[in-house]
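Enquirer: Attaching a single structure in structure tokens format; questions to follow.
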């Protein structure tokens, strides 16, 4: 059985998961005031010169593996380390691991750990902790790291600082699967209910100090951190009911840092009290095509639809130029990316000629419906811009704005012609879910050559993966199974009292937190 290793989130419909809370919990968390139609945190807190102020959603647990909230996961990165880091280009760098060897004959990787890393309670981190962490994820009913271990068969200790992981089948993204929090077996080898209630003990730059339930979490610097003692002594994390409240608290100077990828983050470009660190993301936007539609099954029509759009203009208008145009679902920032070798330039005369050859003209224009999730304001605005662009070449696009439930149902059942959607792609490379004939892709696309290229890319070795992905990208660009638009950028925005070496990674915005500094 193939494992399609890709993190498929509800990014398709544009709804972000948040921890469920009762109204009573929200009221107890903090006072909420209405300020210009924006939820505001009425914390009345004074910033301390040695304390970094952050915010996250109210956690259901501080267990890094059982937590399912993205904002909480980022804070967990302060207290827990991973075997490898994921770099902005999708490649990996060492972290807890200091050496690895891949054995392609038996689909395994041997990892040697630093042998001087201590848990916050003074115990030494070892290979048994890594095996325990993998098994905890595999046995978890729900975890944001489940896809990381989906292709892992088992892990075993070969020496106190050496672990060997066997995979079910060859996979080109083995190293990318190793981004997950390592937890201490001697602490977390307890029942689920006990584990989820424990105060966290990790090996990260900061360690747990105390929690005020439903209100805040306080961390202190780990002076024994294996990368060096952090420059900032304390971190205080305020609990917030939602992302709007987090952004509002930043605007009111209650907290020092926010991460955002919404299109209105451009307002901070004119804020002299803040600095923006742009982060490439794997959030890919596209127009889906229904291949059961005879018109859309015509490669010439797909080519016209692709070349009639100016994705860079969309980025410039709606995202202030923050994003990357791509003709395939491979990020231009990725180490796997290959430059386009086809002519994708806009040429209205060629477009008109192609449409005429297919029987479309001014009196009989190509007319298609574009399904859009009306609950996603960002995509609605982009869709309106797309309609105008197509109108310039004589293509009529009729918007169908429907609620998120209807949108999801209609996409899954193939009840559409075009839809505007997106994927939050995993850094573990595999596009099988989108285009493979056996993956139940909802665009009803079936192509044996594409299947073969996907399978080769999935199983490629380190030596072959670049060539495999170059071939795959070329075929995707030629076939146009999606109208590819762009990858969005995220932004880490920090107040001006922060300095030092701030270089966030896509999956860990606090990747080098020990090098951050607070100006006094």
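Numbering (this note's numbering), first residue to last: 6 to 525.
Idealized CB from N, CA, C, for every residue including glycine.
1. Does the Cβ-Cβ distance between residue 189 and residue 170 come in under 8 Å?
2. Since residue 322 sits in a beta bridge, which residues does DSSP pair it with?
3. Is the beta carbon of residue 138 sitting closer than 8 Å to the one on residue 185?
4. Roughly how many whole angstroms lie between the Cα atoms of residue 81 and residue 196?
5. May I ask you to report which of helix, strand or coil DSSP gives residue 448?
6. What span of residues does the beta strand (DSSP E) with residue 493 cover, start to end?
7. Using C-beta distances below 8 Å, list every residue in its chain close to residue 323, excluding the 5 sequence neighbours before and after it, in chain order.
8. First and last residue of the beta strand (DSSP E) that includes residue 430?
9. Tell me whether residue 300 sits in a helix, a strand or coil according to DSSP, three-state version.
10. Specify the secondary structure class of residue 219 as computed by DSSP and reduced to three states.
11. Residue 520 by DSSP, collapsed to three states: which one?
12. Mind checking who residue 169 pairs with in its DSSP beta bridge?
13. To which residues of the same chain is residue 473 closer than 8 Å at the C-beta, ignoring the five residues directly before and after it?
14. Kindly indicate which residue of 58, 142, 272 has the alpha-carbon position closest to the one of residue 182.
15. Hey, residue 334 and residue 489 are a contact pair by Cβ (cut 8 Å); roughly how many whole angstroms apart?
16. Where does residue 282 sit, in a helix, a strand or coil, going by DSSP?
17. Verify whether the separation of the beta carbon atoms of residue 330 and residue 482 is less than 8 Å.
18. For the alpha helix (DSSP H) holding residue 459, just list the boundary residues, first then last.
19. Strictly by DSSP, which residues pair up with residue 138?
20. Per the contact definition of three or more C-beta pairs closer than 8 Å, is the region 87-103 in contact with the region 338-358?
21. Mind reading off the beta-carbon distance from residue 70 to residue 145? Whole number of angstroms is fine, and I expect it under 8 Å.
Expert: In terms of the structure at hand:
1. No; because the gap between Cβ atoms is not below 8 Å, this pair is not in contact.
2. For residue 322, which the question treats as bridged, DSSP gives no partner whatsoever.
3. yes
4. 20 Å
5. coil
6. 487-500
7. Counting only Cβ-Cβ distances below 8 Å, and skipping sequence neighbours, we find 268, 383, 386, 387, 390.
8. First-last for residue 430: undefined, no H or E at that position.
9. In the structure shown, residue 300 sits in coil (DSSP, three-state: anything other than H, G, I, E or B).
10. coil
11. helix
12. Under DSSP, residue 169 takes part in a beta bridge, and its partners are 115, 161.
13. Cβ neighbours of residue 473 within its own chain (closer than 8 Å, five residues either side excluded): 177, 458, 461, 462, 465.
14. 142
15. 7 Å
16. strand
17. No, these two residues do not count as a Cβ contact at 8 Å.
18. Note, residue 459: alpha helix (DSSP H), 453-464.
19. Here residue 138 is not bridged, per DSSP, to any residue.
20. yes
21. 6 Å
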